[in-house]
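**Student:** Note that the sequence shown covers residues -14 to 124 in the working numbering.
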Amino acid sequence: MTNVLPERLLVWEEGSLRALLPSIAVALLCAACGASDLDARRARLGAERRALEATLDHLEDRLLVNQARVRFWKEMRARHESVTAVACASQEEHAIEMARHVLPDEPARRAGRRASIDRARVAAAPRAAPAPARAAPTP
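(1) Under the three-state reduction of DSSP, which class applies to L48: helix, strand or coil?
(2) Taking the straight line between their C-alpha atoms, what separation do you get for G31 and S21?
(3) In the structure shown, what three-state DSSP assignment does L88 receive?
(4) Report the rounded CA-to-CA distance for A80 versus E60, giving the unit in angstroms.
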């Protein structure tokens, strides 16, 4: 078998080995440092993921609390509307019954108004001069 490569490539010279050693050292250092950088990056990404999950959990809790508040106030509004409707109906019935109790029947009310007007007329009339005293009859 014949060798087609030049002889100088087949022989490792001291100078070529010296040129090759720094390249090998750099490759080994990159490989060694790459693993620790990868681990550091994975740890950092894991921490960021946990922080984001905690933030999302907190936001979800706030959302659920706010939804519960909205449901509570909607229920309070519905209750208030029903209580107000009952109160208005009750007050209307109460006002009608009080009016029946306080105000007399129509004829009596007219008579009462007439008597009140007559009293006002009498009070407003000018007073007449006092009548002279009568003398006692003589026998």
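In this text, a Cβ means the ideal position worked out from N, Cα and C, and glycines have one as well. Only a predicted model underlies this, so the values are computations on that prediction, with no experimental measurement involved.
**Tutor:** Concretely, from the data shown:
(1) Walking along the sequence shown from the start, residue 48 turns up at place 63. L48: helix per DSSP, three-state reduction.
(2) In the sequence shown, the residue the question calls residue 31 occupies position 46. In the sequence shown, the residue the question calls residue 21 occupies position 36. About 15 Å.
(3) Walking along the sequence shown from the start, residue 88 turns up at place 103. When DSSP states are grouped into helix, strand and coil, L88 belongs to the coil group.
(4) Here residue 80 refers to the residue found at position 95 of the sequence shown. Here residue 60 refers to the residue found at position 75 of the sequence shown. So the alpha carbons of these two residues sit roughly 30 Å apart.
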